[in-house]
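Have a look at the structure below, then the notes.
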Amino acid sequence: MQVLRRGNYAAGVIVRKRGSSQIEDSMLVYRFEYGRTYNRLDLQHHICLLTLGGSLDLAPPCQSSDEVGRVLDIGTGTGVWAMQFGDDHPEAKVIGVDLSAVQPGLTVPNVKFEIDDIQEEWTIGGPFGYIHSRFMTSSIANWEDFLTQSFTGSVAKRRNTLQ
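Using my numbering, you'd call the opening residue of the sequence shown number 4 and step up by one each time.
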């Protein structure tokens, strides 16, 4: 992983390779109109913030006074939730994971992104005190496997939250 630091921001994405799979150049091409790219995930995040009164989530780890340790954001998309959580919780280590490489090049120092398929056996090192995922209803083929991986070995045994 190459890391680029500018002020309080760092760039870096870890790509997990399974077998012969790799990121193709076509995966990095997005809709470009009127001089910019558009992503529905940022709009969905904004709608969630409006709905929840500015809070990232309703779970206790989202309170700024709660120290959660390691956080996993499954289906991170553009990484906007992970970066805001990292900003709000500078003591936390936040990992955002997604199949698509749409995360920004610059992020806060305590946030990193990994490209991986969470429906396969998880290669993301745990344990995590908080696992966040939203809008993944149609993205998970086997919910039993997903929940099993979330709660066995990957999540801290003390207090943990999966939302």
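Glycine included, every Cβ here is placed at the ideal spot set by N, Cα and C. These numbers were taken from a predicted model, which means no experiment stands behind them.
Should residue i and residue j be called a contact, given that it needs their Cβ atoms to be closer than 8 Å?
i, j, result
"residue 99", "residue 72", "no"
"residue 119", "residue 110", "no"
"residue 142", "residue 78", "yes"
Taking just the CA atoms, how far does residue j sit from residue i?
i, j, result
"residue 60", "residue 52", "8 Å"
"residue 136", "residue 130", "16 Å"
"residue 55", "residue 84", "13 Å"
"residue 49", "residue 88", "14 Å"
"residue 139", "residue 104", "17 Å"
"residue 152", "residue 57", "30 Å"
"residue 112", "residue 124", "27 Å"
"residue 91", "residue 76", "15 Å"
"residue 146", "residue 154", "12 Å"
"residue 116", "residue 128", "13 Å"
I'd like to confirm the pairing. Which residues does DSSP put opposite residue i in its beta bridges?
i, result
"residue 76", "99, 135"
"residue 126", "For residue 126, which the question treats as bridged, DSSP gives no partner whatsoever."
Keeping to the same chain, check which residues put their C-beta closer than 7 Å to that of residue i; ignore five residues upstream and five downstream.
i, result
"residue 144", "122"
"residue 94", "70"
For residue i, which residues from the same chain have a beta carbon less than 6 Å from its beta carbon, with the 5 sequence-adjacent residues on both sides left out?
i, result
"residue 114", "85, 86, 89, 97"
"residue 45", "81, 83"
"residue 47", "none"
With a threshold of 8 Å on Cβ separation, who are the neighbours of residue i within its own chain once the five nearest residues in sequence on each side are excluded?
i, result
"residue 148", "122"
"residue 102", "118, 119, 120"
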